[in-house]
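Enquirer: Chains as they are written, first to last, in this note's numbering: chain A, 1 to 302; chain B, 1001 to 1430; chain C, 2001 to 2316. Ideal Cβ placement from N, Cα and C applies to all residues, glycine included. Note that the structure is a prediction, hence the values are computed from the model and not measured. Take this structure, written in structure tokens, and hold onto it; I'll ask about it next.
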Amino acid sequence: MKRASAHRSEQASAGPEHQGPAESRAMARTGMAQARTGAMLDTIGAWLLGILWILPLLYAVWAAIHPPAYATRFDLFAPLTLENFARAWDAAPFPRYFLNTFFLVTMVLAAQLVLSTMAGYAFARYEFRGRDFVFMLVLLQLMVMPDVLIVENYRTMSWLGVRDTVFAIGLPYFASAFGIFLLRQTFKTIPRELEEAARVEGANGWQILMKVYVPLARPTYIAYGLVSVSYHWNNFLWPLIITNSVNTRPLTVGLQVFSSSDQGIDWSVITAATLLSAAPLLIAFLLFQRQFVQSFLRAGIR
Amino acid sequence: MRRTVLKSLAAVMAGALFSLPVHAQQPVDVEFYYPVAVGGPITKIIDNMVADFHKENPDINVKPVYAGTYQDSIAKVLTSMKGGQPPQLAVLLSTDMFTLIDEDAVVPIDGLANDAAGKAWLGGFYDAFMQNSRSGGHVWGVPFQRSTIVMYYNKNLFKAAGLDPEHPPATWQELVDASVKLTKKDASGNVTQWGLEIPSGGAFAYWLFQALTTPNNAILMNEAGNQVMLDKPAVVEAAQFWRDLSVKHGAMPSGTIDWGTTPKDFLEKKAAIVWTTTGNLTNIRANADFPFGVAMMPKKVRGGSPTGGGNFYIFKSGTPAQQKAALKFAQWATSPERAADWSIATGYVAVTPAAWETPKMKKYAQEVPAAAVARDQLAVSVAEFSTHENQRVTKVLNDALQAILTGAKPAQQAMTDAQHESDRILRPYR
Amino acid sequence: MARNMKMSDKDAGAAMPRAPASPASAARAMKAVYGWLLLLPALLLLAAFTHYPAIATLWHSFFSTPKGRRPAVFVGLDNYQTMRDDPVFWRALWNNLWFALGTIPTSVALALVMALWVNRNLPGRGFLRLSYFTPTVLPMVAVANIWLFFYTPQYGLIAQVLGIFGLPGVNWLGSRETALPALMLVSVWKEAGFFMIFYLAALQGVSPSLREAAMLEGASRWQYFRRVLWPLLMPTTLFVLINALINAFRLIDHVVVMTRGGPDNASTLLLFYIFQVGFSFWDTAYAATLTVVLLAVLGLAALLKFRWLDKRTHYQ
């Protein structure tokens, strides 16, 4: 079929004057038929994959709303219960974990936005010796994240004396190479005329940044914010190492500490706890799907 | 400033007996790390315990910090120690003793409890539990939540297979025969019910292995913790037996068996016999919808099981007042009434004979005879595998066992390799 | 991305003032100072938590581990020798490379397919987008527990499904052959949706007139994809590839929850081994040595990207 269509396309590309009206109608019909089967195959394939992909979440919901005896048995008429959520809520201080995580994510994002804006602006609009070399150094962090340097960073935190604080969880991430890179790119695309116009009106460097550049980079900020929030909400290894107490543990560590019982795995409670921890992000995504994708598009992350 | 005040108070208080309440101007704070190793509302139980202790000792503030599994807890304790903010009291695996000594983290408890009452208290524990507490002539930990391995078996499935539900297998041969009879296959030859499951996944393979080496009269390490004996014939024989159960007799799944899902396998009737900690008793009792029995380890040359579970450790970083306060809490928590409460709530073995003599414990033992099996097994139980560089050496042994069970290496070679590797690691400690 | 960087090369050609004689060059010097000031906080933090630790890791790998009362001593290449003789290290490295090979192309390809599907007006598009992206918002430790159920022999989900077809169960996480692939699947499942978003954004930036033109010429879908879309999506593909590569070495949450490296190190990954050695055995010098290898691998990947791949990418 491919070869036939290739042949036809060769004919077509030879020039429209060589194609009769009947021929082109026939081609259009075949093309449409192809498109229809193609669309059906696509739909089936996409749906199959979609169901497969959402299966774990479906299972989590199943196990969380049914009593433990039905956690592994898929009996359609099994009784429903909210007791697992109650047990999960009681078994570990989830409200505190939520607070810690929320605080962590907000703090990290705020710091990242400020630092990345400043640095991105410097790279985009200022000239100074060694700028490109420094930019290279910055880009290094794209590959070598603080996560892989756990041993040394742990040592640094001890030395600073901030171990077991939410601040210590976030500190290595405040300067984000990804953020700097994105904002530099975005700032570079803003026409210089706008800056010049502002300068004519007597604005200084700082005001130009805040009044001209930052507002225009809004999609980038949103897209970056979403990436950062979901990354830090779900970060596990570094918080595991650096936190010790309930007052600083984020949700991921709390969840793991809670679910790794030597006695044996209790899926009902674990899935209930999982749903509790993932709910905010999940709901946020459900509500803001469209904006999420739009902001990625407009930020030009490619 | 506060420490100076406390230190001078402690100096004034020197010589006071432990039974008298300590009159301090300010309450002593004791940070207490504890693992949660069995299901149930352990955090609540601990919180209640701490509250009760505070009522009787208003001058001591115990702050419980929930630290995860045993592995998580030792990691957290050492992490906080290296960062300069260690706890004063913790429940950690009895096998962590050498690690804690090497890190200079803990104080000998016999040094703190050096009066007559203290000595009596230390002497009141089951000796099998104390074997993991002694080193260099000192006592470093006191038992709190201890266990042995026991064999749970499904009485209904026994009946269905034509076995006597009141006579669980008592020797290795009986174990093989029973497991083979209890393994059921469906029409296409797939196993629907396994006769036996001995977990080997994760970090516990070595523990279950001791339930095979002890009956074969093999001890795996010396008391000084600097020598292991992994390639002796009796040990290799035990390893080969473990492998044969799946490969030769077909009564056990091949590959490694996950520790966490083994109790669930038992409850789902996918395994007729499982070997796991007595700490699972409460869970299995609560969730089994069939009659089940609990038995001691089958014998080969003798009976026996390793002990397991956690001890109280008191940390060097605490001030003398804090150490004494921590000691007080440890003594309180292991008093007969409290030990009985803890055992009944969690399924661990009450750590002193005195606890078993309390009326509530006697009643419990009558209602749940299974609870006494682990206690009776103490008479033939041995220390849990523990050496210097414990995590590393244990990993070497676990890896070797997993290599045997997945067929990567024959038993003799795996154990010889493990012996060499362990020797290399332990050489600096001899 | 590279194109912007190349532009900046030209910008950097701007001359620096030789002597602050004229007000213009003084202004430029001031500007340079401002630039540095703006950059300083971010740079300090980056240096403190990326550059300094990397160098410190290298430094510490030449010393022994301080233990209790014994301080660290210089041991030269001893740690590297130990590493060379350590079968677990080689296993971890090998596993990680296989892991990268298994997850990177798969998740990228899957992400592209998902994006193509979601971009078409298929029925239930909203559901599809949600379903593909959901794994991303769930924490890995949570999904690992769920997947643990899927992989459990006998009554786990996969076992039950296989049972319906009369097929024998497999001990997925307990056999050396299947432990690592099982983890790979979890990783792909988690990542593909996230990369899909990038592709989706890129696809929506492709002008529909291109497609119309191709259809008019009678090009098949495959030809349109291969000749038109694929080159246009190259920057995104590159970006996604790099992310997937970093994640293949960075994400070990599932190892911690599901297999802890077993059975017999069949599923251990390099960072997990570093974590074990550093925070379980407390052998910090050896952990540093292992980290050096990890840094080398990541550095190599960075080199590959910046030198080789960027040059071959077609930019609009």
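With C-beta atoms as the reference, is Met1221 (chain B) less than 8 Å away from Ser1386 (chain B)?
Expert: Yes, these two residues count as a Cβ contact at 8 Å.
Enquirer: Let me see if you follow: with CB-CB separation under 8 Å, is Thr72 (chain A) close to chain C or not?
Expert: For Thr72 (chain A), the answer is yes, since a Cβ of chain C falls inside 8 Å of its Cβ.
Enquirer: Name, in chain order, the residues that DSSP records as bridge partners for Phe998 (chain B).
Expert: Summary: the structure shown does not reach residue 998 (chain B), with chain B confined to residues 1001 through 1430, and so no result is reported for it.
Enquirer: For chain C, is any of its Cβ atoms less than 8 Å away from the one on Lys1270 (chain B)?
Expert: It does: the Cβ of Lys1270 (chain B) has a partner Cβ on chain C nearer than 8 Å.
Enquirer: Where DSSP assigns a beta bridge to Ser1135 (chain B), which residues make up the other side?
Expert: DSSP, once it has assigned bridges, lists B:His1138 as partnering Ser1135 (chain B).
Enquirer: Apart from the five residues just before and just after Trp2117 (chain C), which ones in its own chain have a Cβ nearer than 8 Å to its Cβ?
Expert: Cβ within range, chain order: Leu2128.
Enquirer: Could you give the first and the last residue of the continuous alpha helix (DSSP H) run that contains Phe178 (chain A)?
Expert: Start and end: Ala177 to Lys188.
Enquirer: At least one CB of chain A closer than 8 Å to the CB of Ala2032 (chain C): is that the case?
Expert: With 8 Å as the cut-off, Ala2032 (chain C) counts as an interface residue toward chain A.
Enquirer: Phe1292 (chain B): which of B:Val1301, B:Thr1358 and B:Asn1280 sits nearest, CA to CA?
Expert: If we check each option's Cα against that of Phe1292 (chain B), B:Asn1280 comes out closest.
Enquirer: Measure how close the beta-carbons of Gly2076 (chain C) and Pro2135 (chain C) come, nearest whole angstrom, since I'm counting them as under 8 Å.
Expert: Not a contact, Cβ separation roughly 46 Å.
Enquirer: Answer yes or no: does any C-beta atom of chain C fall closer than 8 Å to that of Pro1253 (chain B)?
Expert: Output row for Pro1253 (chain B): interface = yes.
Enquirer: With a threshold of 8 Å between beta carbons, is Pro2071 (chain C) in contact with chain A?
Expert: Output row for Pro2071 (chain C): interface = no.
Enquirer: According to DSSP, is Pro1292 (chain B) part of a helix, a strand, or is it coil?
Expert: Note that residue 1292 (chain B) is Phe in the sequence shown, not Pro. Phe1292 (chain B) falls in the strand class under three-state DSSP.
Enquirer: If you follow the alpha helix (DSSP H) that Thr1192 (chain B) is in, where does it begin and where does it stop?
Expert: That residue, Thr1192 (chain B), is in no alpha helix (DSSP H); its beta strand (DSSP E) goes Val1191 to Glu1197.
Enquirer: Any idea if Gly1162 (chain B) is buried or exposed, counting beta-carbon neighbours within 10 angstroms, 16 or more meaning buried?
Expert: Its Cβ having fewer than 16 others within 10 Å, Gly1162 (chain B) is exposed.
Enquirer: In three-state terms, what does DSSP make of Asp90 (chain A)?
Expert: Three-state result, Asp90 (chain A): helix.
Enquirer: If you compare alpha carbons, which of B:Tyr1348, B:Ala1340 and B:Trp1121 is closest to Thr1358 (chain B)?
Expert: Nearest option by C-alpha distance: B:Ala1340.
Enquirer: Kindly give me the distance between the Cβ atoms of Ala1251 (chain B) and Trp1194 (chain B), rounded to whole angstroms, as I take these residues to be in contact under 8 Å.
Expert: That belief holds up - the Cβ atoms of Ala1251 (chain B) and Trp1194 (chain B) are roughly 7 Å apart, short of 8 Å.
Enquirer: Quick one: measure Cβ to Cβ for Trp1259 (chain B) and Leu1212 (chain B), integer angstroms, because I've assumed they're closer than 8 Å.
Expert: Actually they are not in contact, since the Cβ atoms of Trp1259 (chain B) and Leu1212 (chain B) sit about 16 Å apart, beyond 8 Å.
Enquirer: Which chain C residues are close to Asp147 (chain A), counting only those with a beta carbon under 8 Å from its beta carbon?
Expert: Going along chain C in sequence order, the residues near Asp147 (chain A) (Cβ under 8 Å) are Arg2250 and Leu2271.
Enquirer: Roughly how many angstroms lie between the CA atoms of Asn2265 (chain C) and Tyr2273 (chain C), to the nearest whole one?
Expert: The alpha-carbon atoms of Asn2265 (chain C) and Tyr2273 (chain C) are separated by roughly 9 Å.
Enquirer: First and last residue of the alpha helix (DSSP H) that includes Tyr2155 (chain C)?
Expert: Taken as a continuous stretch (DSSP letters only), Tyr2155 (chain C) belongs to no alpha helix (DSSP H), as it is neither H nor E.
Enquirer: Counting pairs of beta carbons, one from the region 267 to 284 of chain A and one from the region 57 to 65 of chain A, are three or more of them closer than 8 Å?
Expert: At 8 Å Cβ cutoff, the stretches touch.
Enquirer: What are the complete beta strand (DSSP E) segments, minimum 3 residues, inside the region 1223 to 1305 of chain B?
Expert: Within the region 1223 to 1305 of chain B, the complete beta strand (DSSP E) runs of at least 3 residues are 1271 to 1277 and 1292 to 1295.
Enquirer: Mark Trp1121 (chain B) as exposed unless 16 or more other C-beta atoms lie within 10 angstroms of its C-beta, in which case mark it buried.
Expert: By the 10 Å Cβ count, Trp1121 (chain B) comes out buried.
Enquirer: Quick check on Phe1032 (chain B): does DSSP put it in helix, strand or coil?
Expert: Looking at Phe1032 (chain B) - three-state DSSP - the assignment turns out to be strand.
Enquirer: Measure the alpha-carbon distance for Ala2078 (chain C) versus Phe2062 (chain C) and round it to whole angstroms.
Expert: The residue you asked about is not Ala; residue 2078 (chain C) is Asp in the sequence shown. Going from the Cα of Asp2078 (chain C) to the Cα of Phe2062 (chain C) covers about 7 Å.
Enquirer: Could you tell me which residues DSSP pairs with Lys1184 (chain B) in its beta bridges?
Expert: Answer is B:Gln1193.
Enquirer: I need the straight-line Cα distance from Leu2110 (chain C) to Ala2202 (chain C), nearest angstrom please.
Expert: Rounded to the nearest angstrom, the two C-alpha atoms are 15 Å apart.
Enquirer: Let me confirm a value: Arg125 (chain A) is counted as buried when at least 16 other C-beta atoms fall within 10 Å, else exposed. Which label applies?
Expert: Label assigned to Arg125 (chain A): buried.
Enquirer: Can you pull the chain B residues whose beta carbon is under 7 Å from the beta carbon of Asn244 (chain A), in chain order?
Expert: Within chain B, the residues near Asn244 (chain A) are Lys1076, Thr1079 and Ser1080.
Enquirer: What does a CB cutoff of less than 6 Å around Pro1021 (chain B) pick up in its chain, not counting 5 residues either side in sequence?
Expert: Model confidence at Pro1021 (chain B) stands at a pLDDT of 46, short of 50, so the residue's coordinates are unreliable and nothing is read from them.
Enquirer: Hey, would you say Leu1182 (chain B) sits closer than 8 Å to Ile1273 (chain B), going by beta carbons?
Expert: Against a cut-off of 8 Å, the Cβ pair of Ile1273 (chain B) and Leu1182 (chain B) comes out as a contact.
Enquirer: Comparing the C-beta of Thr1334 (chain B) with each C-beta of chain A, is any distance below 8 Å?
Expert: It does not; no Cβ of chain A falls within 8 Å.
Enquirer: Name the chain C residues whose beta carbon is nearer than 9 Å to that of Gln289 (chain A)?
Expert: By Cβ distance, chain C contributes Gly2126, Arg2129, Leu2130 and Phe2133.
Enquirer: At a CB distance below 7 Å, what residues from the region 132 to 160 of chain A approach chain B? Give them in sequence order.
Expert: Those residues of the region 132 to 160 of chain A that come within reach of chain B (Cβ to Cβ, closer than 7 Å) are Ser158.
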